[in-house]
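Student:
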Amino acid sequence: MVEPLFSVRGLKVALPDMTRKPLIGRAPLAEILKGLDFDLPRGSVTGIVGESGSGKSTLGRALVRLLEPSAGSIAFDGRDITHLPEAGLRPLRRDLQMIFQDPMSSLNPRRTIGSIIAAPLKQNGLGDRLKERIAEALQRVGLPQSFASRYRHELSGGQRQRVGIARALALSPKFVLADEIVSGLDVSTQAQILTLLEKLAAEMGLTVAFISHDLSVIRRLCKQVIVMREGRIVEASATDALFENPAEAYTRDLIVAIPLPEIDAGWLDVPAAAKAPT
Ligand SMILES: Nc1ncnc2c1ncn2[C@@H]1O[C@H](COP(=O)(O)OP(=O)(O)OP(=O)(O)O)[C@@H](O)[C@H]1O
Ligand SMILES: [Mg+2]
């Protein structure tokens with residue numbers, strides 16, 4: 002059997018609970034993740050779903066080690082990264098990339114799209130042939146080369162999210178964390194972005210953790226699903242099995258909550274090439 006890209010055991014994350022911070026001294030810790038066990042298989046998209054506050058983003062941040070676990074272990078690509086200090090993480094950063102929910106706030110307004118895409122390339126010793134590499138990165142996400150000299154505010158929401166994807170994939174990472182990346186977009190733009198991510202993930206053999214509260218999106222994109230509630234995994238299985246026969250009432254409620262028109266509209270089948278990127 003191929004070793005999974007991530008192996009997570011007994012993962013706990015505790016964060017300061019600011020709502021209980023005394024006037025003097027530190028806030029007490031609140032346990033946000035309460036002991037998670039799962040693997041992320043290589044080269045496939047795993048969905049992470051659950052109600053708001055269930056700990057999805059905290060889990061994502063722990064995987065890319067923006068947070069340090071308080072207990073348990075995270076092995077990435079055969080290496081224990083649970084308590085690796087920042088210096089030790091640095092060489093791994095290029096393999097652990099993120100696409101953010103809101104590219105409006107994650108793209109620097111004062112820099113051109115070209116220089117935003119160039120930054121990680123330069124940091125990782127790929128500063129030669131920059132113009133060519135930027136053009137490649139833009140082309141990969143279906144944006145014209147001329148966008149290299151544009152600024153964030155000149156782009157639509159979908160175009161900005163394409164830039165976010167281009168930046169994350171510029172270094173051909175092993176892992177991509179995508180946290181609610183289409184929630185701010187209208188339905189047809191969502192479909193285009195998801196089709197693009199699906200295509201690139203397959204082409205590049207990416208391992209993706211796709212966080213969404215929207216099960217209809219998860220169903221289309223993800224091979225397996227982790228269902229979270231209150232900092233725990235309530236169910237984890239292959240996507241088809243989960244939809245056909247959800248083991249938990251909580252999962253059934255999430256499935257029932259999918260608005261019907263979204264299931265029936267076939268909205269995800271819009272071919273990416275049918276329309277210019279919006
Ligand atoms: N920095 C923090 N300090 C303290 N508590 C936090 C912090 N970040 C998140 N939490 C708490 O941890 C819990 C899980 O939050 P998290 O953001 O991981 O949930 P989520 O599943 O991503 O929710 P959403 O769907 O709304 O994005 C929530 O109760 C939240 O209030
Ligand atoms: Mg979240």
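In short: position in the sequence shown from 1, add 1, done, that's the numbering used here.
The beta-carbon is built from N, C-alpha and C at its ideal position, and this holds for glycine as well.
What are the boundary residues of the alpha helix (DSSP H) that Glu133 is part of?
Tutor: Translated into the one-based positions of the sequence shown, residue 133 becomes position 132. Looking at the DSSP string, the run of the alpha helix (DSSP H) that includes Glu133 is Leu131 to Arg141.
Student: Does the contact criterion of 3 or more C-beta pairs under 8 Å hold for the stretch 68–78 versus the stretch 231–249?
Tutor: The stretch 68–78 is not in contact with the stretch 231–249.
Student: Just to check, is the beta-carbon of His84 closer than 7 Å to a non-hydrogen atom of ligand 1?
Tutor: The residue you call residue 84 lines up with position 83 of the sequence shown. Checking every heavy atom of ligand 1 against the Cβ of His84, none is found closer than 7 Å.
Student: Considering only residues of the same chain and omitting the five flanking positions on each side of Ile264, which have a CB-CB separation below 7 Å?
Tutor: In the sequence shown, residue 264 corresponds to position 263, counting from 1. Low local confidence applies: a pLDDT of 47 at Ile264 is under 50, so the model's placement there is unreliable, with the coordinate-based value given in what follows. Closer than 7 Å at Cβ, skipping near neighbours: Ser217.
Student: With a Cβ-Cβ cutoff of 8 Å, do Ala138 and Ala167 count as a contact?
Tutor: Translated into the one-based positions of the sequence shown, residue 138 becomes position 137. Translated into the one-based positions of the sequence shown, residue 167 becomes position 166. The answer is yes: Cβ separation under 8 Å.
Student: Flag this pair as yes or no: are the beta carbons of Leu68 and Val14 separated by less than 8 Å?
Tutor: Taking the first residue of the sequence shown as 1, we reach residue 68 at position 67. Taking the first residue of the sequence shown as 1, we reach residue 14 at position 13. Cβ distance < 8 Å, so Leu68 and Val14 count as in contact.
Student: How many angstroms separate the CA atom of Phe77 from the CA atom of Val228?
Tutor: Within the sequence shown, residue 77 is the residue found at index 76, counting from 1. Within the sequence shown, residue 228 is the residue found at index 227, counting from 1. Taking the straight line from one Cα to the other gives about 21 Å.
Student: Straight-line CA distance for Val50 to Ile118?
Tutor: By 1-based counting over the sequence shown, the position of residue 50 is 49. By 1-based counting over the sequence shown, the position of residue 118 is 117. Approximately 30 Å, taken between the alpha carbons.
Student: State the beta-bridge partners of Pro17 as determined by DSSP.
Tutor: Within the sequence shown, the letter at position 16 stands for residue 17. Beta-bridge pairing links Pro17 to Leu30.
Student: Any contact of the stretch 140–160 with the stretch 58–66, i.e. 3+ C-beta pairs under 8 Å?
Tutor: no
Student: Go through the stretch 190–223 residue by residue and report every complete run of the alpha helix (DSSP H) that reaches 4 residues or more, in order.
Tutor: 216–222
Student: Is Met99 near ligand 1, in the sense that its beta carbon is under 7 Å from a heavy atom of that ligand?
Tutor: Counted from its first residue, the sequence shown places residue 99 at position 98. Met99 Cβ: outside cutoff for every heavy atom of ligand 1.
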